[in-house]
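Numbering-wise (the numbering used here), the sequence shown opens with residue 17 and increments by one. Even for Gly, the Cβ is constructed at its ideal location relative to N, Cα and C.
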Amino acid sequence: MIKLKTLEQIELIRESALIVSKTLGMIADEIRPGITTIELDKMAETFIRDHDAEPGFLGLYDFPNTLCVSPNEQIVHGIPNDIPLNDGDILSVDCGVLKNGFYGDHAYTFEVGEVLPETKRLLEVTKKSLYVGISNFKLGNRVGDLGFSIQKYAEKNGYGVVRELVGHGLGKKMHEDPEIPNYGKSGTGKKFKNGMVIAIEPMINQGSKEIQKLNDGWTILTKDNKPSAHFEHNVALMDGKPQLLSTFKYIYESIGIDSKEEKPFTIN
Ligand code: MG
Ligand code: MG
Numbered sequence: 017m018i019k020l021k022t023l024e025q026i027e028l029i030r031e032s033a034l035i036v037s038k039t040l041g042m043i044a045d046e047i048r049p050g051i052t053t054i055e056l057d058k059m060a061e062t063f064i065r066d067h068d069a070e071p072g073f074l075g076l077y078d079f080p081n082t083l084c085v086s087p088n089e090q091i092v093h094g095i096p097n098d099i100p101l102n103d104g105d106i107l108s109v110d111c112g113v114l115k116n117g118f119y120g121d122h123a124y125t126f127e128v129g130e131v132l133p134e135t136k137r138l139l140e141v142t143k144k145s146l147y148v149g150i151s152n153f154k155l156g157n158r159v160g161d162l163g164f165s166i167q168k169y170a171e172k173n174g175y176g177v178v179r180e181l182v183g184h185g186l187g188k189k190m191h192e193d194p195e196i197p198n199y200g201k202s203g204t205g206k207k208f209k210n211g212m213v214i215a216i217e218p219m220i221n222q223g224s225k226e227i228q229k230l231n232d233g234w235t236i237l238t239k240d241n242k243p244s245a246h247f248e249h250n251v252a253l254m255d256g257k258p259q260l261l262s263t264f265k266y267i268y269e270s271i272g273i274d275s276k277e278e279k280p281f282t283i284n
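This is how it looks when you write it as structure tokens:
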């Protein structure tokens, strides 16, 4: 069942989402060749608790850490470890926060040092596909319209769209109805309504869409071992239009990017 949110509840989700945004901004400042993902994880946990919030992933479905960290061919759900990052890696960092009974949950794929041009292109296209999806989260559209728009954009660019993992409703639970696939058929699925809050999160592979799972029970990676990227935002449907509750602005402040990509989906 889809739980529509009141304006007050949307503001509480925004508060949790913004703590995730700031955590990712802090992480952006720390990511470099030589640092380990367990170091990043500890910093994130401390940062979140210092903001009077709880790590949203820690213990959820028995996940052991604060961050999901997925380098290179890993897609999502990677577990932090003590292996140093290398120059030329990419690292997808997914983070959840629980505060005032509501979750925030979003993700960004970072470049570590100097990354190959074709890998940069994967990151650019995946992030763009997220905004294509967000622009289709509007009154009059259905879940299938959003998924179709992401799939079309990614496949047009020659990439594989992961099928097994999807976006989701967000609120008092990390994963609420409806599921938000990054693929689909236009005109199908549940209708979008004002008060819906969802996490849109394309997972896009440089090669084929096929996946495999490590025997740690968590890590999802590409079957062909080519890189994969993951970007996620939390979005509310208000007055018929998508409004971002999360932001990448703290990341951009850290790495010195001037971006207007969020402007169409932000009040003020
Ligand atoms: Mg996430
Ligand atoms: Mg999510």
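Straight-line Cα distance separating residue j from residue i
i	j	result
residue 56	residue 195	29 Å
residue 264	residue 204	30 Å
residue 165	residue 126	24 Å
residue 199	residue 20	23 Å
residue 256	residue 283	13 Å
residue 173	residue 157	24 Å
residue 150	residue 48	30 Å
residue 88	residue 102	10 Å
residue 82	residue 71	6 Å
8 Å contact criterion, which residue i and residue j should meet: CB distance rounded
i	j	result
residue 238	residue 95	Wrong, their Cβ atoms sit about 17 Å apart, outside the cutoff.
residue 120	residue 262	7 Å
Heavy atom of ligand 2 within 7 Å of residue i beta-carbon
i	result
residue 183	yes
residue 195	no
Simplified DSSP state of residue i, which is helix, strand or coil
i	result
residue 17	coil
residue 100	strand
residue 72	coil
residue 85	strand
residue 49	coil
residue 178	coil
residue 212	coil
residue 238	strand
residue 119	strand
Proximity test, residue i beta-carbon vs ligand 1 heavy atom, cut-off 7 Å
i	result
residue 121	yes
residue 215	yes
residue 248	yes
residue 112	yes
Any non-hydrogen atom of ligand 4 within 7 Å of residue i CB
i	result
residue 78	Absence of ligand 4 from the depicted structure is noted, with ligand 1 and ligand 2 being the only ligands included.
Proximal residues to residue i (C-beta, below 6 Å), its chain only, five neighbours per side dropped
i	result
residue 244	91, 221 and 238
residue 170	145, 177 and 220
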